[in-house]
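S.K.: I'd like to ask some things about the structure below.
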Amino acid sequence: MRGWQRFKKSYFFYSFRRDPVALTSFTIFFFLVLVSLFAPAIAPHNPYDTSTIDVMDAELPPSWMDGGEERFWLGTDIQGRDLYSTMLYGLRTSVAIGIGAVLFQGILGIVVGLTAGYVGGRVDSLLMRVADIQFSIPYLIVAIITSAIFQLAFGLGRFEQLAMPLLIVIIGISEWPKYARTVRASVLGEKQKEYVEAARVIGLNPARIMYRHILPNTLTPVLVISTIQVAQAVMSEAALSFLGLGMPVTKPSLGSLIKAGFQYVFSGSWWISTFPGILLVTFTLVVILFGDWLRDVLNPKLYKG
Amino acid sequence: MKRVIMVCLALSLVLGGTATAEMKTLRLALASDPETLDIQQQLSGNMLEFSHWVFDPLVRYAQDMSFEPRLAEKWEQIDPLTIRFHLVKGVKFHSGNPFTAKDVVFTVNRMKQSVDFKGLFEAFETPVIVDDYTVDIKTNKPYSLVLNMATYIFPLDSVFYTGTDEKGQPKDAVVKAGYSFANETLPSGTGPYRCTFREQGVRMELERNPDYWDKNSPGNIGKVILTPIKEEATRVAALLSGDVDFIYPVPPQDFDRIDKDPKVNLFTYTGGRIITVQMNQNRLEAFKDPRVRQAINLATNNVGIAEKIMRGTATPAGQLSPKGYAGHDPALVPQYDLAKAQALMKEAGYENGFEASMIATNNRYVNDEKIAEAFAAMMAKINIKVNLKTIPKAQYWDEFDKQVADFQLVGWHSDTEDSGNFYEFLAMCPNKETGYGQYNSGNYCNPEVDRLTLACQTETDLTKRTAMLKQIEKILYDEAFCVYFHWQNHSYGAAKGLDVLPIVNVMNFPYIGDLVWN
Amino acid sequence: MFAFIVRRVFQAILVMVVIAFIGFSVQHSIGDPVRDMVGERVSLAEREALREQLGLNDPVLAQFGRFCWKALHGDLGTSYFHKRPALDVIVSKAPATLELVFGATVIILSFCFPVGIYTAIQPRAWFSRFVMAVSTIGVAVPVFLTAIVLIYVFGVELQWLPTYGRGVTVNVGGWDTGLLTADGLLHLILPSVSLASIMLPLYIRLIRSEMMEVLETEYIKFAWAKGLSRWRVWLLHAFKNTLLPVITVFGVEIGILFAFTLLTETVFQWQGMGFMFLEAVERSDTALLVAYLVVVGVMFVVINTIVDICYGLINPMVRIAGNP
Chain A
1 MRGWQRFKKS
11 YFFYSFRRDP
21 VALTSFTIFF
31 FLVLVSLFAP
41 AIAPHNPYDT
51 STIDVMDAEL
61 PPSWMDGGEE
71 RFWLGTDIQG
81 RDLYSTMLYG
91 LRTSVAIGIG
101 AVLFQGILGI
111 VVGLTAGYVG
121 GRVDSLLMRV
131 ADIQFSIPYL
141 IVAIITSAIF
151 QLAFGLGRFE
161 QLAMPLLIVI
171 IGISEWPKYA
181 RTVRASVLGE
191 KQKEYVEAAR
201 VIGLNPARIM
211 YRHILPNTLT
221 PVLVISTIQV
231 AQAVMSEAAL
241 SFLGLGMPVT
251 KPSLGSLIKA
261 GFQYVFSGSW
271 WISTFPGILL
281 VTFTLVVILF
291 GDWLRDVLNP
301 KLYKG
Chain B
306 MKRVIMVCLA
316 LSLVLGGTAT
326 AEMKTLRLAL
336 ASDPETLDIQ
346 QQLSGNMLEF
356 SHWVFDPLVR
366 YAQDMSFEPR
376 LAEKWEQIDP
386 LTIRFHLVKG
396 VKFHSGNPFT
406 AKDVVFTVNR
416 MKQSVDFKGL
426 FEAFETPVIV
436 DDYTVDIKTN
446 KPYSLVLNMA
456 TYIFPLDSVF
466 YTGTDEKGQP
476 KDAVVKAGYS
486 FANETLPSGT
496 GPYRCTFREQ
506 GVRMELERNP
516 DYWDKNSPGN
526 IGKVILTPIK
536 EEATRVAALL
546 SGDVDFIYPV
556 PPQDFDRIDK
566 DPKVNLFTYT
576 GGRIITVQMN
586 QNRLEAFKDP
596 RVRQAINLAT
606 NNVGIAEKIM
616 RGTATPAGQL
626 SPKGYAGHDP
636 ALVPQYDLAK
646 AQALMKEAGY
656 ENGFEASMIA
666 TNNRYVNDEK
676 IAEAFAAMMA
686 KINIKVNLKT
696 IPKAQYWDEF
706 DKQVADFQLV
716 GWHSDTEDSG
726 NFYEFLAMCP
736 NKETGYGQYN
746 SGNYCNPEVD
756 RLTLACQTET
766 DLTKRTAMLK
776 QIEKILYDEA
786 FCVYFHWQNH
796 SYGAAKGLDV
806 LPIVNVMNFP
816 YIGDLVWN
Chain C
824 MFAFIVRRVF
834 QAILVMVVIA
844 FIGFSVQHSI
854 GDPVRDMVGE
864 RVSLAEREAL
874 REQLGLNDPV
884 LAQFGRFCWK
894 ALHGDLGTSY
904 FHKRPALDVI
914 VSKAPATLEL
924 VFGATVIILS
934 FCFPVGIYTA
944 IQPRAWFSRF
954 VMAVSTIGVA
964 VPVFLTAIVL
974 IYVFGVELQW
984 LPTYGRGVTV
994 NVGGWDTGLL
1004 TADGLLHLIL
1014 PSVSLASIML
1024 PLYIRLIRSE
1034 MMEVLETEYI
1044 KFAWAKGLSR
1054 WRVWLLHAFK
1064 NTLLPVITVF
1074 GVEIGILFAF
1084 TLLTETVFQW
1094 QGMGFMFLEA
1104 VERSDTALLV
1114 AYLVVVGVMF
1124 VVINTIVDIC
1134 YGLINPMVRI
1144 AGNP
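Chains as they are written, first to last, in this note's numbering: chain A, 1 to 305; chain B, 306 to 823; chain C, 824 to 1147.
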């Protein structure tokens, strides 16, 4: 409770309340995350339950248009799935992959960055060389190539079953150097400070110094990148799914819904890709806006790479 | 301004090439282009189509499935093992070499070397030259489908393809991977078009053969420019925006749009490709029970699939042979009766259903992925929980061969346009040595079907043969050996004025040499 | 400098060996390339014979060794599908991708400077606010969505512009170009606009913020005090100093632009390297895949080396030789 009181009085909360963009984007973001968390409860239909789907309902337009039905207010897709429900589940998938991928790359990057920064020497140059090499290739290429290789290595059938964890790993692998570099840069700054020196003098073991003493002081930049990285990860996932290297149509993410709808744009069934597209853009937009604001307020020294 | 227009006009004339007033240029867009320039190196729809443009077969199918004379003007059965073909005289290849009986011999022998064709031509012996324009095609056993196979014989220019090329390799080599003379060289055929340019996957140009032997061919297209457009939606958009004049296949979801657009026409034509799902009896005990298989068939609303997913451009099927085939029996109609299906499941002791895995392609047949998804949803109604995976065709057939799933989707078009081909590949007991039942991943096995199918191969009395084929079809239907969906229709989208209907046929190879543009 | 380049070359070789090995180690589990090369009716035994003949049944290490040995001689294998040397196939597709990147770059460069500068010097004008709002949203719109909208509006509804392929191309000295024909240029418009749409908002924002930062500096204030003309201050003094960071970022981002060609090429059926790569994945054309990976690896090492060298030349404060 005291913490909350202190938080309410902080500059952070003050500027948050005063900034309408931050306020709105955070509210929408929060709302969308809630919606995706509770998608199974909110959605009127369950798109994963094949027994409720009837192909005779395929491609119905939104309910306010000619031929639309009350049951499906945003219309149905080509399988006869309720588009609104499918979108909610799709958002859930996208958000889960986005947050999962950021956690994965964050943990990987932090461990590497901390080790490299704290231990230094050969370990540092080896780890950073690897990060540099990967960093020199755009993350999207890395992600596409990795998922192509994964897909071929696992066989497509297995890939689709494991698609979600695999995508988390793929997107995580393609982005970890960003964290590693940021964390290493702040560790290098922290290492010189007296409290680290003191901890070392009283004989604490390095792992404890690294994780208990240095890590908390490097978290601000990590937090700032993480917001933007969530948006990035969601977009990467959408791109992969659009290329057919991501989520299967049976368990669609927003990206695979857009891909599925693309084929029907010409035949006039615009709603199948338009609504998921709008939802995707809204989600990434609010995350980016909120992240921008966070960066401005916390103003950490970010590693520009 | 005027000058700009003049320049544009001049430019368009230059770019338009040799197009003249009466000979038009046709811009054609297909899903993919011919894989190679060697028509005997790979057996695929694309390659056969290409063969019809640049070469001519001995005979070809007319719309009523009768045989139309092409390079063979007439033929007669000499003995049970021999048919004598009389060839058209005065035909020249694009290279200028005259076409004679030795070209037919060369071609048949080369096909027997080709990995893709040797299976089909197993029964064929080396043809015997009678004179320059008469050749005897011989088989090693009485064979009822010689004429069907003659539609695959597109005579090559034996002079052009004999000898060694500058790399020191024989010109007639059939090479699957890497360089060969025939793979890389613009071919010399007898056909209505000569291929003048090819960049694989990007563009192919064909120009009308000015010395085409068939003076009765009404075709008035002077030049064909083929662009492969893989993405269905893009292909349709290209037609609607006037970038191309002729596309096929047309995805069913765009039928309405093409139909409504005043600048383009939609044509559909019955096709012979059956789409089925096989139920693997070796993997799942329940599938051994014919009642379960029947229940699955009864629970499949294939009329609904044909109507909704295929937009009425498929004919719901209750058997393998489409209409017009000898084995087709009009009495075998598709049924959809959920209550009866549930009753049968109960009777078989599977009231509570079971779980089953399924694989299907997602880019091989028209809307294959959606059909499979709809099927999975329908199975849920008789408590069969289907775990579906869809796979692109490049990776599918390996999985199919390994029989990784209980339900496996397969489409089949008879190579010989004869019912027997269906049974040989899909319904006979799988046998690694003979190769029969190669695509029977359901492991359905009925000795009676095997016996009758083999008997049909050598039975030359057509009435008897037809009765036997119908008998097989009936057995398969009664035992519900697989799930029947539908026969795919062919669909074509064309700019106004293109007279497409006369040139299409049950095979998906419009005879573009005879295409008329009014 | 020399040591730097030598190290880069070693780095490049290392990258390529690793990439090629990854490619090879998954090759045996990759869908069978033979399957796509033969008709559907061809028997198992025939396919097995063909696999044997192509050396696909050899141990992975043997195949890898053979590949490396040939690669040293400039041969990256033969594409199963195209039946030509894989390197030839990639080289023949490169012009399409490069021209697409070029088109997008031209669009970015011709818009980002005027718009960026305008929004910096007139931050309150309605146009500036509009641009900033659009560019904020623009960052969040995935490129394939932009492409679909463009296709629908300009291709399907208005029918002004072609929506697929490269149109008529001319071969100039082995380079297949679409830049010299009217048709080719028309075909280039939509793909390069949608490709540019990823980077343009970022650049406008970057130029704007850099320019605004510079406008706050002492020497600009001094320039104003001297009574120089407005345009002289803006363009000569302020803009010149925003260029350096912009150029650096541009060097790096060109690689990202290249990455996004994979998406634009797919939507517009643009026959470039990205389209080829995805087709190769679909066809399990492993020989072409491995060659592509190696080529992309080389390309990025080269791009980064050039960028680093240029950066070192422009900004002498950066020592490129040592570790940071």
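Idealized CB from N, CA, C, for every residue including glycine.
Of all the CB atoms in chain C, is at least one closer than 9 Å to the CB of A231/A?
M.R.: Yes, A231/A counts as interfacial toward chain C.
S.K.: Measuring only the C-alpha atoms, how far is P447/B from E427/B?
M.R.: Computed Cα separation, rounded: 13 Å.
S.K.: Using the beta-carbon count (16 or more within 10 Å), is H896/C buried or exposed?
M.R.: H896/C is exposed by the Cβ-count criterion.
S.K.: Under 9 Å, do K397/B and D437/B count as touching if we go by C-beta distance?
M.R.: For K397/B and D437/B, no; Cβs fall outside 9 Å.
S.K.: Quick one: which unbroken beta strand (DSSP E) runs of 3-plus residues sit fully inside the region 556 to 641 of chain B? Chain order, please.
M.R.: Entirely contained in the region 556 to 641 of chain B, the beta strand (DSSP E) runs reaching 3 residues are, in chain order, 569 to 584, 619 to 621.
S.K.: Hey, would you say F231/A sits closer than 9 Å to T284/A, going by beta carbons?
M.R.: Per the sequence shown, residue 231/A should be read as Ala rather than Phe. Contact flag set, yes.
S.K.: Which residues in the same chain as A326/B place their Cβ atom closer than 7 Å to its Cβ, once the five residues preceding and following it in sequence are excluded?
M.R.: Low per-residue confidence applies at A326/B: pLDDT is 45, beneath 50, and the placement is therefore not dependable enough to give any value.
S.K.: Find the residues of chain C that neighbour G277/A, judging by a C-beta separation of less than 7 Å, and give them in chain order.
M.R.: Simply L968.
S.K.: So, do the region 104 to 124 of chain A and the region 185 to 193 of chain A have three or more beta carbon pairs nearer to each other than 8 Å?
M.R.: At 8 Å Cβ cutoff, the stretches touch.
S.K.: Which of the three DSSP states is assigned to P138/A in this structure?
M.R.: Of the three classes helix, strand and coil, the one that applies to P138/A here is coil, per DSSP.
S.K.: According to DSSP, simplified to helix, strand and coil, what is P985/C?
M.R.: The answer is coil: DSSP assigns P985/C none of H, G, I, E or B.
S.K.: Cβ of L1002/C less than 9 Å from any chain A Cβ?
M.R.: Taking Cβ atoms only, chain A never reaches closer than 9 Å to L1002/C, which makes this a no.
S.K.: Where does G990/C fall in DSSP's three states?
M.R.: Coil, per DSSP.
S.K.: Comparing alpha-carbon positions, which option in N205/A, V265/A, L152/A lies nearest E59/A?
M.R.: The option with the nearest alpha carbon to E59/A is V265/A.
S.K.: Determine, for Q311/A, whether the minimum Cβ-Cβ distance to residues of chain B falls below 9 Å.
M.R.: Since the first and last residues shown for chain A are 1 and 305, residue 311/A lies out of range.
S.K.: Give a yes or no on contact between the region 447 to 467 of chain B and the region 363 to 372 of chain B, applying the rule of three or more CB pairs nearer than 8 Å.
M.R.: Yes, they touch.
S.K.: Are three or more beta carbon pairs between the region 1089 to 1099 of chain C and the region 959 to 977 of chain C nearer than 8 Å?
M.R.: With a cut-off of 8 Å, the region 959 to 977 of chain C and the region 1089 to 1099 of chain C count as touching, because enough Cβ pairs lie within range.
S.K.: So, is Q5/A buried or exposed, given that buried needs 16 or more other C-beta atoms within 10 angstroms?
M.R.: Burial call: exposed.
S.K.: Leaving aside the five residues before and after G98/A along the sequence, list all residues of the same chain whose C-beta is less than 6 Å from its C-beta, in chain order.
M.R.: Answer for G98/A: V230, A233, V234, listed in chain order.
S.K.: Listing by chain order, which chain A residues have their CB less than 8 Å from the CB of Q834/C?
M.R.: Ordered by position in chain A, the residues that pass the 8 Å Cβ test against Q834/C are R129, I133.
S.K.: Taking three-plus beta-carbon pairs below 8 Å as touching, is the region 208 to 221 of chain A in contact with the region 137 to 153 of chain A?
M.R.: Touching, no.
S.K.: So, do the region 895 to 915 of chain C and the region 1093 to 1106 of chain C have three or more beta carbon pairs nearer to each other than 8 Å?
M.R.: These segments touch.
S.K.: For F1081/C and I202/A, I'd like the C-alpha separation in whole angstroms.
M.R.: The straight-line gap from Cα to Cα measures roughly 52 Å.
S.K.: At what residue ranges does the region 704 to 748 of chain B contain a whole run of the beta strand (DSSP E), taking only runs of 3 or more?
M.R.: 712 to 717, all fully within the region 704 to 748 of chain B.
S.K.: Would you tell me roughly how many angstroms separate the C-alpha atoms of L333/B and P815/B, rounded to the nearest one?
M.R.: Those two C-alpha atoms are separated by around 12 Å.
S.K.: Compute the distance between the beta-carbons of A336/B and D550/B, then report whether it is under 9 Å.
M.R.: The answer is no: Cβ separation not under 9 Å.
S.K.: Where does the unbroken beta strand (DSSP E) through M663/B begin, and where does it stop?
M.R.: Segment 659 to 666, the beta strand (DSSP E) holding M663/B.
S.K.: Who are the near neighbours of T467/B in its chain, counting only those whose CB is closer than 7 Å to its CB and skipping five residues on each side?
M.R.: Excluding positions up to five away in sequence, the list reads K476, D477.
S.K.: On the three-state DSSP scale, how would you describe E764/B?
M.R.: E764/B: coil per DSSP, three-state reduction.
S.K.: Would you say H795/B and T575/B are within 9 Å of each other, going by their C-beta atoms?
M.R.: Contact flag set, yes.
S.K.: Do C761/B and S449/B have their C-beta atoms within less than 9 Å of each other?
M.R.: Yes, Cβ-Cβ distance for C761/B and S449/B is below 9 Å.
S.K.: Residues bridged to G798/B by DSSP?
M.R.: DSSP lists I552/B, L571/B as partners of G798/B.
S.K.: On the CB-based measure, 16 or more other CB atoms within 10 Å of its CB, does T495/B come out buried or exposed?
M.R.: T495/B should be labelled buried.
S.K.: Please confirm if R989/C has its CB atom under 9 Å from at least one CB of chain B.
M.R.: So, interface residue.
S.K.: Excluding sequence positions up to five away, which residues of its chain have a Cβ less than 7 Å from the Cβ of L452/B?
M.R.: Closer than 7 Å at Cβ, skipping near neighbours: V364, F372.
S.K.: Measuring only between beta-carbons, confirm whether E656/B sits less than 9 Å from chain A.
M.R.: No, no contact with chain A.
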